[in-house]
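Working notes, beginning with the structure itself.
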Amino acid sequence: MTIAKSASTYERIYAIVRQIPAGTVATYGQVATLANLAGQARLVGYALYRVDIASGIPWHRVINAKGEISESPLRLGGDDVQRSLLEQEGVMFSPKGRVDFQRYQWQFKEVKC
DNA sequence: ACATTGACCCGTT
DNA sequence: GAACGGGCCAATG
82 MTIAKSASTY ERIYAIVRQI PAGTVATYGQ VATLANLAGQ ARLVGYALYR
132 VDIASGIPWH RVINAKGEIS ESPLRLGGDD VQRSLLEQEG VMFSPKGRVD
182 FQRYQWQFKE VKC
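Adding 81 to a residue's 1-based position in the first sequence gives its number in my numbering.
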C-alpha cells in the first residue's frame, strides 16, 4: 500500500501508525521519519493525542525513543493502560519498564508491489 | 484570525 | 550520567 502524500501531515502519521503490527512498537521519531516528517517527532505525539481510540489507530504501540511509554495525564488512566495493551499483544517490558527494541521495535518492511 | 496547547528528540553543559 | 533548553507543526477555543 502506498502512503498518500497529498494527505495532511496528521493523516500521514495516522497512516504509519495504523500499519504497525500487533506485538510491535515504534518510536515517535521512526513514525515521523516514515511519515516523511523526519525531525518532527513532536507532531507524531501531538497527532496521537488528537487521535481517538475509535479511529482504529494503535496509538499504544507508539513509544518514545527511550523505549519507554510516554503518557499524558489527560489520556486514559495513564501509562498503565498503554503498557497493559502492549502486554496483551505479547510485548514484554524490562524491569525498568522499557521495551526491548531489538525484539519489538517495528521495522518498516518496504513492501514493493 | 490570534493565542495556546500538546504523548518528543537531539545537542550541549 | 543527568539536566536543560531549543526547534517544529497542526488543531482547538
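Just so it is clear, CB atoms sit at the ideal spot from N, CA and C, and this is done for glycine as well.
For the options Q121, G104, G171 and V125, the alpha carbon positioned closest to that of I97 is the one of V125. Going by C-alpha positions, D181 is about 11 Å away from W187.
For a cut-off of 8 Å, the C-beta gap from A128 to I101 is around 14 Å, too long to register as a contact. Taken atom to atom, the span from the alpha-carbon of R164 to that of H141 is near 8 Å. In the structure shown, the three-state DSSP call for V143 is strand. Residue range A122 to R131 is occupied by the alpha helix (DSSP H) that includes A128. Closest in alpha carbon position to Y91, among T105, V106, S136 and A103, is S136.
The beta carbon of Y130 lies closer than 7 Å to those of S153 in the same chain, with the five residues before and after it left out. Judged by beta-carbon spacing, A107 lies within the 8 Å limit of V143, meaning their Cβ atoms are closer than that value. Considered as a whole, the segment 97 to 121 harbours 109 to 115 as its complete alpha helix (DSSP H) runs of no fewer than 4 residues, in chain order.
Setting aside the 5 residues that flank it on each side, E170 is surrounded in the same chain by A103 and G104, each with a C-beta closer than 6 Å to its C-beta; the list follows chain order. Short of 8 Å from the beta carbon of Q111, and not among the five residues preceding or following it, lie these beta carbons of its own chain, in chain order: Q186, W187 and F189.
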